[in-house]
Amino acid sequence: MASAAVSAARPQQRAASFNSGAFLTQAHRFTMPVLILIVWQALDSFHLINSRLMPSPVMVAESFWQLLVTGQLLGNLWASLVRVGIGLGIGVVLGTGFGVFAGLSRLGEDTVDSTLQMVRTLPHLALIPLFILWFGIGETPKIALIALGALFPIYLNLFAGIRSVDRKIIEAASTLNLTHAEIIWNVVLPGALPQFLVGLRYSVGIAWLTLVVAEQVNANSGIGYLVMNARDFLETDVIFVGLIIYALLGLITDQMVRIIERRALAWRPSFVGTQSNRGAL
Amino acid sequence: MTAIETRAPVLDSPRVTTAESAVSIRGLTRSFGGPAILNNLDLELEAGSFTVLLGRSGSGKSTLLRTLAGLDTAPAGTVSVPRERAVVFQEPRLLPWKRVWRNVALGLRDGDPRAQASAALDELGLSHRLDAWPLTLSGGEAQRVALARALVRRPKLMLLDEPFAALDALTRMRMQALVAKLWQQHDLTVLLVTHDVDEALLLGDRAVVLIDGQIGADIPINLERPRRHGDPDFIRLRQQLLATLGVDEVAG
Ligand SMILES: Nc1ncnc2c1ncn2[C@@H]1O[C@H](COP(=O)(O)OP(=O)(O)O)[C@@H](O)[C@H]1O
Ligand SMILES: [Mg+2]
Numbered sequence: 001m002a003s004a005a006v007s008a009a010r011p012q013q014r015a016a017s018f019n020s021g022a023f024l025t026q027a028h029r030f031t032m033p034v035l036i037l038i039v040w041q042a043l044d045s046f047h048l049i050n051s052r053l054m055p056s057p058v059m060v061a062e063s064f065w066q067l068l069v070t071g072q073l074l075g076n077l078w079a080s081l082v083r084v085g086i087g088l089g090i091g092v093v094l095g096t097g098f099g100v101f102a103g104l105s106r107l108g109e110d111t112v113d114s115t116l117q118m119v120r121t122l123p124h125l126a127l128i129p130l131f132i133l134w135f136g137i138g139e140t141p142k143i144a145l146i147a148l149g150a151l152f153p154i155y156l157n158l159f160a161g162i163r164s165v166d167r168k169i170i171e172a173a174s175t176l177n178l179t180h181a182e183i184i185w186n187v188v189l190p191g192a193l194p195q196f197l198v199g200l201r202y203s204v205g206i207a208w209l210t211l212v213v214a215e216q217v218n219a220n221s222g223i224g225y226l227v228m229n230a231r232d233f234l235e236t237d238v239i240f241v242g243l244i245i246y247a248l249l250g251l252i253t254d255q256m257v258r259i260i261e262r263r264a265l266a267w268r269p270s271f272v273g274t275q276s277n278r279g280a281l
Numbered sequence: 001m002t003a004i005e006t007r008a009p010v011l012d013s014p015r016v017t018t019a020e021s022a023v024s025i026r027g028l029t030r031s032f033g034g035p036a037i038l039n040n041l042d043l044e045l046e047a048g049s050f051t052v053l054l055g056r057s058g059s060g061k062s063t064l065l066r067t068l069a070g071l072d073t074a075p076a077g078t079v080s081v082p083r084e085r086a087v088v089f090q091e092p093r094l095l096p097w098k099r100v101w102r103n104v105a106l107g108l109r110d111g112d113p114r115a116q117a118s119a120a121l122d123e124l125g126l127s128h129r130l131d132a133w134p135l136t137l138s139g140g141e142a143q144r145v146a147l148a149r150a151l152v153r154r155p156k157l158m159l160l161d162e163p164f165a166a167l168d169a170l171t172r173m174r175m176q177a178l179v180a181k182l183w184q185q186h187d188l189t190v191l192l193v194t195h196d197v198d199e200a201l202l203l204g205d206r207a208v209v210l211i212d213g214q215i216g217a218d219i220p221i222n223l224e225r226p227r228r229h230g231d232p233d234f235i236r237l238r239q240q241l242l243a244t245l246g247v248d249e250v251a252g
């Protein structure tokens, strides 16, 4: 959040090569986390907290290294990534399909929208028991749950985005001899793109959340499996590693969506100007 | 919320007219549920003429223009317009996600679209803004892009709906001169909607006033070009138009 706001507000500074002011701002951002780490480590070193319940940063780092060299970390990370990747993919494709269908046509709105609006009110995580009964305990229920969770933000935002495209622009475009398909492709869908990307960011967040829950309920691989196993053996350091991995994955994927946003919405005022090809306004 | 309607109803079935009369409207009636906004209206526009359409706010000027643009259905009456027509609205209505030249080139079917767009933008003094994003343009620049987008289609009929109303006075004067130049250099029939009597007298060779859903006054403007505000004939016509519009002359 903060970085976007700062870079949007001060395009000049960003464009200028690394100056000391920008460096200090960057440095300040890390002050607090670093301080916390130091205090935490100190508390542990002086045995002021129970390291069985709250392992020190060094212990967590060691545990991370162990998991890495034994290959456990990467194997389970891969299992989790595949689940989220496939689930998110299915959710985005279906959400986009429904969103375009309902957004573009009255028929689509009548058939799809009311149904999805009803299903939406149900917390998708509540479906876990049902999905396990339906799909067993393999990959299918987890992927299905992630797909379901990711579908709604995409659908809702795309639908709203399509419906809120400026009528005046559509009208102007319709005087330019464009076909129906050309207007949708050149006007309606690009107009809905910003809102779609908002939906995508929510979907990515929900996909990770769903993964965490689904893997803790039942799994024999994945980061969640690693964490639940560690709980059984009271390995709090491994639990911490799992939490950090989750946080990093969330952060990285959110950044990825932001990069997509920045590229796809280069025309928007907040981004125009930070683009090097068009400096002066 | 309503579904997206992209196809303009009458866009595909214009009745193309002969050369003498670029636009011919007979018995056009339009209402939006209540009393008729356009009531059995007749209007002919000569090919190559520059007509200014005046009228009070809400008198139906935009409705008439939209009918000619093929953006509104005419439930009663016949309207014939050339197929090659272009519209410029009060707002530029550019696609913000397409660079300037792509906005201009949108919908061009044959030839090199970029070259055509570039030529049109050049004519409007915007060759340096070819690759700019529309949201980085000033109001006057954006409106010139809209003009270029209209011009690049080589229209026979140019429909302008208060295209300068949102611009500052200085920019508006430049744009007025630009439109006069374009009209003289291209084979264009122009219908300009405005509420500005001075603008009408600067540009048009005929002023028609929409009153009670019909053409209530049809005034030829036989002034020499370039036109001057101080010219006695200009002042006389100005008073005549203001009176037709029911505006107290003292204010002007
Ligand atoms: N789509 C519409 N639906 C309902 N009323 C409309 C619509 N378009 C125009 N009107 C009404 O028709 C009248 C004429 O509008 P308009 O042609 O825009 O006037 P003008 O351009 O002369 O100011 C106004 O009273 C307006 O409210
Ligand atoms: Mg109007």
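Chains C and R, in that order, give the protein sequences. 213 is the number that UniProt numbering gives to position 213 of the first sequence; each next residue is one higher, with no gaps. 6 is the number that UniProt numbering gives to position 6 of the second sequence; each next residue is one higher, with no gaps. Using N, Cα and C, we set each Cβ at its ideal position, and we do this for glycine too.
Inter-residue spacing [alpha-carbon to alpha-carbon] between residue i and residue j
i	j	result
residue 41 of chain C	residue 226 of chain C	24 Å
residue 215 of chain R	residue 131 of chain R	43 Å
residue 241 of chain R	residue 138 of chain R	32 Å
residue 117 of chain C	residue 111 of chain C	11 Å
residue 198 of chain C	residue 157 of chain C	7 Å
residue 45 of chain R	residue 119 of chain R	29 Å
residue 204 of chain R	residue 180 of chain R	9 Å
residue 112 of chain R	residue 269 of chain C	30 Å
residue 103 of chain C	residue 65 of chain C	49 Å
residue 257 of chain C	residue 201 of chain C	6 Å
residue 134 of chain R	residue 31 of chain C	41 Å
residue 240 of chain C	residue 35 of chain C	18 Å
residue 109 of chain C	residue 138 of chain C	35 Å
residue 261 of chain C	residue 147 of chain C	22 Å
residue 252 of chain R	residue 98 of chain C	Model confidence at residue 252 of chain R stands at a pLDDT of 40, short of 50, so the residue's coordinates are unreliable and nothing is read from them.
residue 293 of chain C	residue 134 of chain C	As displayed, chain C neither begins before 1 nor continues past 281, which places residue 293 of chain C out of reach and without an answer.
residue 208 of chain C	residue 129 of chain C	19 Å
residue 51 of chain C	residue 37 of chain C	14 Å
residue 265 of chain C	residue 193 of chain C	8 Å
residue 119 of chain C	residue 221 of chain C	30 Å
Contacts around residue i, its chain only, beta-carbon distance under 6 Å, and the 5 residues preceding and following it disregarded
i	result
residue 92 of chain R	142, 143 and 146
residue 244 of chain R	209 and 217
residue 253 of chain C	204
residue 140 of chain R	167 and 171
residue 78 of chain R	26
residue 113 of chain C	102
residue 216 of chain C	224 and 228
residue 43 of chain C	49
residue 219 of chain R	207
Rounded distance between the beta-carbons of residue j and residue i, thought under 8 Å
i	j	result
residue 234 of chain R	residue 161 of chain R	The Cβ separation is near 24 Å, so there is no contact.
residue 69 of chain R	residue 87 of chain R	5 Å
residue 211 of chain C	residue 83 of chain C	6 Å
residue 150 of chain C	residue 206 of chain C	6 Å
residue 154 of chain C	residue 92 of chain C	6 Å
residue 157 of chain R	residue 81 of chain R	6 Å
residue 73 of chain C	residue 67 of chain C	4 Å
Residue span of the alpha helix (DSSP H) that contains residue i, given as start and end
i	result
residue 173 of chain R	169 to 185
residue 162 of chain C	139 to 163
residue 220 of chain R	Careful: residue 220 of chain R lies outside any alpha helix (DSSP H), inside the beta strand (DSSP E) at 214 to 220.
residue 115 of chain C	114 to 120
Cβ neighbours of residue i in the same chain (closer than 8 Å, five flanking residues each side left out)
i	result
residue 169 of chain C	187 and 191
residue 218 of chain C	132 and 137
residue 13 of chain R	For residue 13 of chain R, the predicted model reports a pLDDT of 40, less than 50, meaning its position is unreliable; a value from the coordinates is still stated below. Counting only Cβ-Cβ distances below 8 Å, and skipping sequence neighbours, we find nothing.
Cut-off 7 Å between Cβ atoms - residues of its own chain near residue i, not counting five sequence neighbours on either side
i	result
residue 237 of chain C	55, 59, 60 and 63
residue 200 of chain R	52, 54, 194, 207 and 241
residue 106 of chain C	none
residue 49 of chain R	189, 205 and 206
Range covered by the beta strand (DSSP E) that runs through residue i
i	result
residue 50 of chain R	50 to 55
residue 237 of chain C	From DSSP, residue 237 of chain C is part of no beta strand (DSSP E) but of the alpha helix (DSSP H) over 236 to 264.
Mind listing which residues of the region 188 to 199 of chain C have their C-beta closer than 7 Å to chain R's C-betas, in chain order? 188 and 190
If contact means a Cβ-Cβ distance below 7 Å, which residues of the region 98 to 116 of chain R contact chain C? 106 and 107
Under 9 Å (Cβ pairs) to chain R, residues found in the region 119 to 137 of chain C: none
Along the region 157 to 184 of chain R, what residues have a CB closer than 8 Å to any CB found in chain C? none
Residues within the region 132 to 144 of chain R neighbouring chain C, beta-carbon criterion of under 8 Å: 132, 133, 134, 135 and 136
If contact means a Cβ-Cβ distance below 8 Å, which residues of the region 167 to 187 of chain C contact chain R? 168, 169, 170, 171, 172, 173, 174, 175, 176, 177, 178, 180, 182, 183, 184, 186 and 187
Residues in the region 58 to 76 of chain R with C-beta within 8 Å of chain C's C-beta atoms, listed in sequence order? 69, 70 and 71
Chain R contacts from the region 138 to 149 of chain C (Cβ-Cβ distance under 8 Å): none
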